[in-house]
Amino acid sequence: MRADSGVVLCHGRLRVPPKSVPSYWIRVVARGVGCASQVVLKDSATESVSVDEEKGDKSQSEPKVEAALSDVTGKAGSDENEEEPGTKAVSTSPGGRFLKFDIELGRGSFKTVYKGLDTDTWVEVAWCELQERKLSKAERQRFKEEAEMLKALQHPNIVRFYDFWESPVKGKKCIVLVTELMTSGTLKTYLKRFKVMKPKVLRSWCRQILKGLHFLHTRTPPIIHRDLKCDNIFITGPTGSVKIGDLGLATLKRASFAKSVIGTPEFMAPEMYEEHYDESVDVYAFGMCMLEMATSEYPYSECQNAAQIYRKVTSGVKPASYSKVSDPEIKEIIGECICHRWEERYSIKDLLNHAFFAEDTGVRVELNEEDDGKKSSIALKLWVEDTKKLKGKYKDTGAIEFSFDLVNEVPEVVAQEMVESGFFLDCDVKVVGKSIRDRVALIKWKRERTVSSGNGEAAVKKPQQNLLQVPGTVVPQAPTLAMTDYEDQEVEQQTLICTVPATTSAPCENLQLEAHMTVSYIIKPQCYC
Numbered sequence: 001m002r003a004d005s006g007v008v009l010c011h012g013r014l015r016v017p018p019k020s021v022p023s024y025w026i027r028v029v030a031r032g033v034g035c036a037s038q039v040v041l042k043d044s045a046t047e048s049v050s051v052d053e054e055k056g057d058k059s060q061s062e063p064k065v066e067a068a069l070s071d072v073t074g075k076a077g078s079d080e081n082e083e084e085p086g087t088k089a090v091s092t093s094p095g096g097r098f099l100k101f102d103i104e105l106g107r108g109s110f111k112t113v114y115k116g117l118d119t120d121t122w123v124e125v126a127w128c129e130l131q132e133r134k135l136s137k138a139e140r141q142r143f144k145e146e147a148e149m150l151k152a153l154q155h156p157n158i159v160r161f162y163d164f165w166e167s168p169v170k171g172k173k174c175i176v177l178v179t180e181l182m183t184s185g186t187l188k189t190y191l192k193r194f195k196v197m198k199p200k201v202l203r204s205w206c207r208q209i210l211k212g213l214h215f216l217h218t219r220t221p222p223i224i225h226r227d228l229k230c231d232n233i234f235i236t237g238p239t240g241s242v243k244i245g246d247l248g249l250a251t252l253k254r255a256s257f258a259k260s261v262i263g264t265p266e267f268m269a270p271e272m273y274e275e276h277y278d279e280s281v282d283v284y285a286f287g288m289c290m291l292e293m294a295t296s297e298y299p300y301s302e303c304q305n306a307a308q309i310y311r312k313v314t315s316g317v318k319p320a321s322y323s324k325v326s327d328p329e330i331k332e333i334i335g336e337c338i339c340h341r342w343e344e345r346y347s348i349k350d351l352l353n354h355a356f357f358a359e360d361t362g363v364r365v366e367l368n369e370e371d372d373g374k375k376s377s378i379a380l381k382l383w384v385e386d387t388k389k390l391k392g393k394y395k396d397t398g399a400i401e402f403s404f405d406l407v408n409e410v411p412e413v414v415a416q417e418m419v420e421s422g423f424f425l426d427c428d429v430k431v432v433g434k435s436i437r438d439r440v441a442l443i444k445w446k447r448e449r450t451v452s453s454g455n456g457e458a459a460v461k462k463p464q465q466n467l468l469q470v471p472g473t474v475v476p477q478a479p480t481l482a483m484t485d486y487e488d489q490e491v492e493q494q495t496l497i498c499t500v501p502a503t504t505s506a507p508c509e510n511l512q513l514e515a516h517m518t519v520s521y522i523i524k525p526q527c528y529c
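Oh and the sequence shown: position 252 is 252 in UniProt numbering, straight run, nothing missing.
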């Protein structure tokens, strides 16, 4: 049986856990008890307060319901005049599980987000209403397939996707998505509030983003985000962890532009403009996110319009803010992520194995200067989180600076020499030795990779798929630009539309739509052309 508020009352009984449910939701539930035979509310002592209600006789039941609610909330639940604004459940999901409240959390040119409630768990959720993009039958089916797969994804660094459906809103069709509610804003809002991000925070958040991307890329088939940016990386308040969100929205954003590429130009890898790409586009976008986190400056902010951004991106010109990165190691990582050629970029696995993103052990070894790839001796600096262990023998920066010979020295021996010299305690020699070894291994790996690339031997990587390369088709090489207005820049960043020719050669006329539509898959097909 269902109450007027949209809450499902199973077998005429409704159980409300008062400690975990806000009082205004309890009052919303109470308004719908008129069609129920009994309401059971548990107080803090887990004692049940039962209120019998006879059909058609509300005069006796309402005071009892109010009294029960008053015991739980301390307020009269039926007083409409004292009801908090926005506490009325204004809509419900088709199955009755999710409620929508008239509390707007965010708005953009593409979506509006309201506060919602999962009645199965009594956990707040985000109720997202997306504008209908005149989906074709094929597009609608594709989105449903993608959404069903997204519902199965569970990872600590991925925003949970609960459900979706199509529903009319104010006379217009829209798609409703229900996702995990993130209450502490995005990386974008954090960077606006705090202009400088501490290296330790940057390292931790980047590591979590990489773990989320690694999870997506290792699904079968792999999942490509395609629109990663600081605006859709969310922060969780209680733990301070970060989660990747807005999965699947890239497909919906471009659903009505079957012959176009839509995205955020500042974060789009060059190959995305030609519409054949793989997971490395997410690596490129991650590099741009890391650049924004390191400088608090939006990539390519020196450009006046999207056309200038397009020319720089496709020409391999890095953002001006790249030169402002002071930490040589962070700068090196960003540079390897935003390489113009996709095969030269780090993979997500490479980044997770990078010493910079290693789990915190209290000891960290970093480059003290950029490695030119020629010298056998490199300048390093060793950080120990607990400076009491350093016995005061360190620079004002809190680090031990030393040189290391890649050919003749052994990390563990150097660590032991530091102990004997009184730099830190003997109990940390193994941790320090491992940190030095990890850093040295990374430097050697990078040098070998650079040499191989210089000799024309591309780094070992799977071949890049050509999503549009089907028999008889012509792959577009130089798309023509068409600009869209910059609107709602804070919620929805600028988008760039690149028109792709709508025609193909005669033998493949019946495949021309499918050829263009294939690129809208968020799920990458398991085939390589």
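We put the beta carbon where it would ideally sit given N, CA and C, even for glycine.
Option nearest residue i by Cα separation, candidates the options
| i | options | result |
| --- | --- | --- |
| Leu177 | Pro94, Val410, Trp383 and Ser301 | Pro94 |
| Pro146 | Ser184, Gly185, Ser91 and Asp246 | Correcting the residue type first, residue 146 is Glu in the shown sequence and not Pro. Out of Ser184, Gly185, Ser91 and Asp246, Asp246 has the C-alpha closest to the C-alpha of Glu146. |
| Gly237 | Phe164, Tyr190, Thr183 and Pro156 | Thr183 |
| Ala320 | Tyr277, Trp205 and Met288 | Met288 |
| Ala149 | Asn408, Ala138 and Asp163 | According to the sequence shown, residue 149 is Met rather than Ala. Closest option to Met149, Cα to Cα, is Asp163. |
| Ser296 | Gln308, Glu369, Gly362 and Tyr190 | Tyr190 |
| Val384 | Trp342, Glu344 and Ser435 | Ser435 |
| Glu332 | Lys312, Val363, Glu369 and Leu228 | Glu369 |
| Tyr284 | Glu344, Ser376 and Ser326 | Glu344 |
| Ser326 | Val123, Met197 and Lys151 | Met197 |
Cβ-based burial, residue i [other Cβ within 10 Å; buried from 16]
| i | result |
| --- | --- |
| Trp127 | buried |
| Thr239 | exposed |
| Cys230 | buried |
| Cys427 | exposed |
| Pro411 | buried |
| Glu274 | buried |
| Pro265 | buried |
| Trp445 | exposed |
| Arg219 | exposed |
Pairwise C-alpha distance: residue j and residue i
| i | j | result |
| --- | --- | --- |
| Glu180 | Met290 | 24 Å |
| Asp120 | Phe161 | 15 Å |
| Pro299 | Phe424 | 41 Å |
| Ile235 | Val201 | 12 Å |
| residue 532 | His340 | Nothing about residue 532 can be reported from this structure: the residues present for the chain run from 1 to 529 only. |
| Arg107 | Lys100 | 15 Å |
| Arg193 | Ala399 | 29 Å |
| Gln208 | Gln154 | 14 Å |
| Asp118 | Val429 | 51 Å |
| Tyr346 | Pro270 | 16 Å |
| Ala358 | Leu352 | 7 Å |
| Arg449 | Asn408 | 21 Å |
| Gly116 | Val169 | 16 Å |
| Lys172 | Glu166 | 11 Å |
| Gln308 | Arg364 | 40 Å |
| Ser204 | Lys137 | 43 Å |
| Asn157 | Phe267 | 20 Å |
| Gln304 | Val451 | 38 Å |
Distance CB(residue i)-CB(residue j) smaller than 8 Å
| i | j | result |
| --- | --- | --- |
| Ile223 | Val159 | no |
| Leu442 | Ala355 | yes |
| His225 | Asp278 | no |
| Val113 | Leu187 | no |
| Ile348 | Leu210 | yes |
| Gly335 | Arg447 | no |
| Leu382 | Phe404 | no |
| Ala294 | Ile330 | yes |
| Val440 | Ala415 | no |
Simplified DSSP assignment, three categories, for residue i
| i | result |
| --- | --- |
| Tyr310 | helix |
| Cys339 | coil |
| Ser167 | strand |
| Lys381 | strand |
| Tyr346 | coil |
| Tyr298 | coil |
| Arg364 | strand |
| Ala138 | helix |
| Gly212 | helix |
| Ser241 | coil |
| Gly106 | strand |
| Lys111 | strand |
| Val159 | coil |
| Trp205 | helix |
| Glu180 | strand |
| Cys303 | coil |
| Ile334 | helix |
| Phe234 | strand |
Below-8 Å beta-carbon distance, residue i vs any chain B residue
| i | result |
| --- | --- |
| Thr186 | Included in the structure is just one protein chain, with no chain B present. |
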